[in-house]
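Everything on this sheet refers to the single structure shown next.
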Amino acid sequence: MTLSLSTAKSNRVWPGLIEAYRQYLPVTEATPIVTLQEGNTPLIPVPTIAQLVGRQVRVLVKYDGLNPTGSFKDRGMTMAISKAKEAGVQAVICASTGNTSAAAAAYAKRGGMRAFVLIPEGYVALGKLAQALVYGAEVFSIKGNFDQALKIVQEMAMSYPVTLVNSVNPYRLEGQKTAAFEVVEALGDAPDWLCIPVGNAGNITAYWMGFCEYHQLGKCLRLPRMMGFQAAGAAPLITGQVVAHPDTVATAIRIGNPANWEKAIAVQSASRGQFNAVTDAEILEAYKLLASEEGIFCEPASAASVAGMLKVKDQIPTGATVVCVLTGNGLKDPATAIEHNQNSFSQGIAPSLAAVAKVMGFE
Ligand code: F0G
């Protein structure tokens, strides 16, 4: 029997991660699913970067920047907003360095709710701000940082009829753990190492939940070492101290007091993992390497996973499989991309064949 093209296509339609992983998630038939068909993102080999490590180490990136709003936050937001809708919530609120606000706005509006967003003034990448505005969130920027914004929205959610959708909302982590399921399904087992950028430490916690759940079910035989990387100017988990004035080019992880601090430390010890800091220079180098050698454009914070992996590469066992999580899309932050890549950009050229050929080096 031959299938018609339309049947074949419809059989391949990805239903979104709640439908795909329904049995592992706290949803029932009564939960109205708010989805943009998030999840099912590719795990892409990065051979040039693997060569820098050597010793037959296999390196792949989980490119979660290909989610509907361009970051891994969609995984958590489909769950948080679906559960909020089930509870009859009419408004949600979050603090954000940008990606959470974009995802919250998109899913809340799709679910018919208001979305209030509190952001640190001047430190949210342009693409993310544009998204929150276009999706129709009510956006407020404070003359303060993310940590201050988070404290305010936590208090708001306690005093007013608004539901908090930051990663302290447990449904967020439930949705985000599905990324670990996908990694296991793609590899046939868990990787030896999982390298991941860490800000508020929700995602590292969620990945570990996912790996442990699949391990208990026998879907993977091993558990990865969880390697978390923070920007050097915003590295409270490495210094053990709250950072009052976090500072980094990777604005997504410009966080000085992670809300999931204790959970992150628990993941580190349970997985025999490590937290390390990477400088802005190291982040930008990995960011350029990913784009110019592998064709993968992620945002600066995401490149912290690859920068960190390269920084501690001598510790990777020979022949190991390493997955680096690329949490957000490079298009989120065009200003940083352009500012740090002026070398190959020639401007002001006369509009003639001769002039163009000359600057290209053909004459
Ligand atoms: N990468 C990106 C691109 C992010 O946007 C974030 C967090 C992280 C990594 C860190 O993840 O907080 O779970 O450890 N962004 C939040 C936001 C803070 O508001 O969008 P985490």
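Residue 349 is where the sequence shown starts when you use the working numbering, and the numbers rise one by one after that. Just so you know, even glycine gets a beta-carbon here, dropped at the ideal spot from N, CA and C. As the structure is a prediction and not an experimental result, all values here were calculated from the model.
### Message
Can you tell me which residues form a DSSP beta bridge with P665?
### Response
Beta-bridge pairing links P665 to no other residue.
### Query
Excluding five sequence neighbours on each side, which residues of the same chain lie with their C-beta closer than 6 Å to the C-beta of A705?
E711
#### Entry: Same chain, Cβ closer than 7 Å to P682, neighbours up to 5 away in sequence not counted
L474, G475
### Query
Is any heavy atom of the ligand F0G found at a distance shorter than 7 Å from the C-beta of K421?
yes
### Task
Have a look at D495 and A534 and give me their C-alpha separation to the nearest angstrom.
The straight-line gap from Cα to Cα measures roughly 36 Å.
### Task
Take M575 as the anchor and find which of L585, A702, K567 has the nearest alpha-carbon.
L585
### Query
Taking the C-alpha atoms as reference points, what is the distance between L565 and S694?
56 Å
### Query
Whose C-alpha, out of E434, W541, P468, is nearest the C-alpha of R620?
W541
### Query
With C-beta atoms as the reference, is K395 less than 8 Å away from L414?
The question names Lys, but residue 395 is Pro in the sequence shown. The Cβ atoms of P395 and L414 do not sit closer than 8 Å to each other.
### Task
Indicate the three-state DSSP secondary structure (helix, strand or coil) for G370 in the structure shown.
Residue identity check: residue 370 is Arg in the sequence provided, not Gly. Three-state DSSP puts R370 in a helix.
### 7 Å CB neighbourhood of P572 in its chain, flanking five on each side removed
A538, P539, D540, W541, L542, F559, S619
### Task
Go ahead and label L701 buried or exposed: buried means 16 or more other beta carbons lie within 10 angstroms of its beta carbon, across all protein chains shown.
exposed
### Query
How is the alpha helix (DSSP H) around A705 delimited, first residue to last?
701 to 707
### Message
Quick test of the definition: if touching needs 3 or more C-beta pairs under 8 Å, does the segment 638 to 648 touch the segment 671 to 679?
### Response
yes
#### Entry: Enclosing beta strand (DSSP E) for M574 [first to last residue]
573 to 579
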